[in-house]
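Going by the numbering used here, the residue at position 133 of the sequence shown is 141; the numbering climbs one at a time, nothing skipped.
The C-beta atom is built at its ideal place from N, Cα and C for all residues, glycine as well.
So the structure is just underneath, and the comments pick up after that.
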Amino acid sequence: MEIRLSDHFTYRKLLRFTFPSIVMMVITSIYGVVDGFFVSNFVGPNAFAALNLITPFVMIFSSVGFMLGTGGSALVAKTLGEGEAKKANAIFTMLVFVLFGLGVIGAGFGIVFIRPIASFLGAEGVILELSIIYGRILFLALPFFVLQLAFESFLMVAELPDLGLKVAIAAGLTNVFLDYLLMGVLDWGIHGAAIATASSQTLGALIPLFYFLKKNKSRLQITRPSWDGASLLKASANGSSEMLTTLSLSSVNMLYNIQLIKLAGPNGIAAYGIIMYMSFLFMSVFIGYSIGSAPIISFHYGARNYKELKNLFRKSVVLIIGASFLMLGISTGFATPLARIFVGYDAELLALSSRALRLYSISFLFSGINLFASAFFTALNNGFISAGLSFLRTLVFQVIMILFLPRIFGLDGVWFSVVLAEILALVVTILTFIRNKNRYQYL
9 MEIRLSDHFT
19 YRKLLRFTFP
29 SIVMMVITSI
39 YGVVDGFFVS
49 NFVGPNAFAA
59 LNLITPFVMI
69 FSSVGFMLGT
79 GGSALVAKTL
89 GEGEAKKANA
99 IFTMLVFVLF
109 GLGVIGAGFG
119 IVFIRPIASF
129 LGAEGVILEL
139 SIIYGRILFL
149 ALPFFVLQLA
159 FESFLMVAEL
169 PDLGLKVAIA
179 AGLTNVFLDY
189 LLMGVLDWGI
199 HGAAIATASS
209 QTLGALIPLF
219 YFLKKNKSRL
229 QITRPSWDGA
239 SLLKASANGS
249 SEMLTTLSLS
259 SVNMLYNIQL
269 IKLAGPNGIA
279 AYGIIMYMSF
289 LFMSVFIGYS
299 IGSAPIISFH
309 YGARNYKELK
319 NLFRKSVVLI
329 IGASFLMLGI
339 STGFATPLAR
349 IFVGYDAELL
359 ALSSRALRLY
369 SISFLFSGIN
379 LFASAFFTAL
389 NNGFISAGLS
399 FLRTLVFQVI
409 MILFLPRIFG
419 LDGVWFSVVL
429 AEILALVVTI
439 LTFIRNKNRY
449 QYL
């Protein structure tokens, strides 16, 4: 069944269109989990702690991929909805070139400054050296990683969700195979983990890049590049919330690690690493749905089809609330088996990780709607509201909680910080939806 952005969407059609994007994000999260599994079980807890310590720093530089991917795809989809296909492809082409250039600049900066940053985050001795090794190899692939992140959104605009899914599967299988080969067979340690991840990210960028470079039947194609500063600024503003989310989460994760080193040492970092893997796995469903539905929302907003916009909004809220309750049940009910995948060899660390995951997972009940709200306003080309929601949710509320709750509740305060932050964010989200309903006519 071929689905067009201009269609009317039932629940079935909406799920059919967004399903590849959801699976794509789940697979992306899984091969991150696979890295953690192999590093923890084949290399050891020090390498596992090093990986989790330095990853937030690397993710800061990938945020440009989220920004220009989500913001740019919203602009391109809106332009297509307005009937300007040539202009849409010109904007798309420019963004691809800009993304790669920014990736090169970020890679150079990260490689040069990774040692002092890792030291600032609390890494010492062997953990410091392992962090530097892992981070530098990932930075070498950064130009391709930012393209991979952006193409995840642009493939949806091109009405190619199935290709996006195939790319994610190919990249994921590459990562799993190389993890097993380089760590399990060749015993390359953390070098192998980094090479496997970098290789999968590069492949995930090259497949769609070559597709868009050649003539194709989709809505998008890379053409001769031309500079359009106004469109770049608009795309950046649209996607500022997604960039801010990544920057904030990375910064907050580093703050969590600093607190956890004080309260629980390397075990605390390892437990938090498990939580981040599981959180990204569950949240990838919401992220995938938001990426998949955003071009539809942008298209109908650009076409001024407010009836369909209301339909999309209401159905999305229902689906996300249902998924939120499902994820809460899974994450709390299977906390110990999930933690055992990574640290089954250490009873003390297993108990710590299981309790941490149960407390943290309560946040899944609220985070889905909060995340969708930010993506929804990005799709409506209102980067200001989207960025404001992300800024409060991922930075302001979480920083306040992580600084004060551990003083009252100790280690449990660390795990519960995100729950209270998401609750506060949900209040702001609901008020924002109500305040802007007449302006955008989605209710």
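Your pair residue 349 and residue 45 checks out as a contact, with CB atoms roughly 6 angstroms apart and the cut at 8 angstroms. A contact is defined here as three or more CB-CB pairs under 8 angstroms, and the segment 79-90 meets this definition with respect to the segment 298-308.
The straight-line gap separating the alpha-carbon atoms of residue 411 and residue 371 is approximately 18 angstroms. If you draw a 10 Å sphere on the C-beta of residue 219, you find 16 or more other C-beta atoms in it, and that means buried.
For residue 419, the closest of 264, 447, 166 and 439 by C-alpha to C-alpha distance is 264. In the three-state reduction of the DSSP assignment, residue 266 falls in the helix class. For residue 140, the enclosing alpha helix (DSSP H) begins and ends at 133-148.
Taking all protein chains in view, the Cβ of residue 296 is crowded by 16 or more other Cβ atoms within 10 Å, so the residue is classified as buried.
If you check the CB distance, residue 451 and residue 270 do not come in under 8 angstroms. DSSP places residue 304 in the helix class (H, G or I) of the three-state scheme. Secondary structure at residue 16: coil, using DSSP grouped into helix, strand and coil. With contacts defined as CB atoms closer than 8 angstroms, residue 77 and residue 161 qualify as a contacting pair.
A Cβ-Cβ contact shorter than 8 angstroms links residue 204 with residue 187. Judged by DSSP in its simplified three-state form, residue 441 adopts helix. For residue 70 against residue 157, the beta-carbon gap comes to about 6 angstroms, under 8 angstroms, which counts as contact. Judged by their CB atoms, residue 50 and residue 278 are not nearer to each other than the 8 angstroms cut-off. The segment 118-126 makes contact with the segment 137-157: 3 or more CB pairs, one atom from each, lie closer than 8 angstroms. The beta carbons of residue 107 and residue 73 sit closer together than 8 angstroms. The C-beta distance from residue 100 to residue 228 rounds to 5 angstroms, short enough to fall under 8 angstroms. If you look at residue 170, you'll find it in the alpha helix (DSSP H) that goes 169-187. Taking C-beta atoms under 8 angstroms as the contact rule, residue 301 and residue 320 qualify, at a distance of about 7 angstroms.
Per the coordinates, the alpha-carbon of residue 114 lies some 10 angstroms from the alpha-carbon of residue 148.
An exposed status is given to residue 170, since fewer than 16 other beta-carbon atoms sit within 10 Å of its beta-carbon. Taking a cut-off of 8 angstroms on C-beta distances, the segment 390-405 touches the segment 425-438, as three or more cross pairs fall below it. Between the segment 362-379 and the segment 340-347, the count of C-beta pairs closer than 8 angstroms reaches three or more; the two stretches touch. When rounded, the separation of the alpha-carbon atoms in residue 117 and residue 16 is 46 angstroms. In this structure, residue 207 lies away from residue 231, with their beta-carbon atoms at least 8 angstroms apart.
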